[in-house]
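**Student:** If you scroll down you'll find the structure; I have some questions about it.
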Amino acid sequence: MTTRIPWNAKRVYYATETVTRDGRRFAGREQKSTTFREARAFLDELNVPGGVAVWNEGSRNGNHDAVARRHEDGSWTRLDRFTGRWEPMD
Numbered sequence: 001m002t003t004r005i006p007w008n009a010k011r012v013y014y015a016t017e018t019v020t021r022d023g024r025r026f027a028g029r030e031q032k033s034t035t036f037r038e039a040r041a042f043l044d045e046l047n048v049p050g051g052v053a054v055w056n057e058g059s060r061n062g063n064h065d066a067v068a069r070r071h072e073d074g075s076w077t078r079l080d081r082f083t084g085r086w087e088p089m090d
């Protein structure tokens, strides 16, 4: 799955596979997307655990903020920004 990100994108989603080796977690394959749906589809098609983070043009320090996680069983959770808790997604 290949996605082209416009040079003037205001928001970019980063989908990153989580790889576990010797009990330690590493980042595996990743993809940049312009929509959360594309980022989620990337991890679903690979059928791997991972996470989705977002970068916004207005972020002061260029950090990526966590949005959602895909677990090994294929279920998804999202981060509720108000409570700071991870909640199940449909």
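Quick note on the working numbering: the sequence shown kicks off at 1 and runs consecutively.
Quick reminder that beta carbons are idealized off the backbone N, C-alpha and C, glycines included.
Since the model is a prediction, treat every value here as computed from it, not as a measurement.
#1: In angstroms, rounded to a whole number, what distance separates the CA positions of residue 21 and residue 27?
#2: Run through DSSP, which three-state label would residue 82 get?
#3: Quick one: give me the first and last residue of the alpha helix (DSSP H) that residue 68 is part of.
#4: Which value, in whole angstroms, describes the spacing of the CA atoms of residue 23 and residue 77?
#5: Could you work out which residue in 54, 52, 29 is closest to residue 46 when comparing CA atoms only?
#6: To the nearest angstrom, report how far apart residue 50 and residue 10 are at their CA atoms.
**Tutor:** With the structure as the only source:
#1: Roughly 11 Å between the two C-alpha positions.
#2: Per DSSP, reduced to three states, the secondary structure at residue 82 is coil, with no helix or strand assignment.
#3: Per DSSP, residue 68 belongs to no alpha helix (DSSP H); it is in the beta strand (DSSP E), 65 to 70.
#4: The alpha-carbon of residue 23 is positioned some 22 Å away from that of residue 77.
#5: Of the candidates 54, 52, 29, the one whose C-alpha sits nearest the C-alpha of residue 46 is 29.
#6: Across the structure, residue 50 and residue 10 are spaced so that their CA atoms are roughly 23 Å apart.
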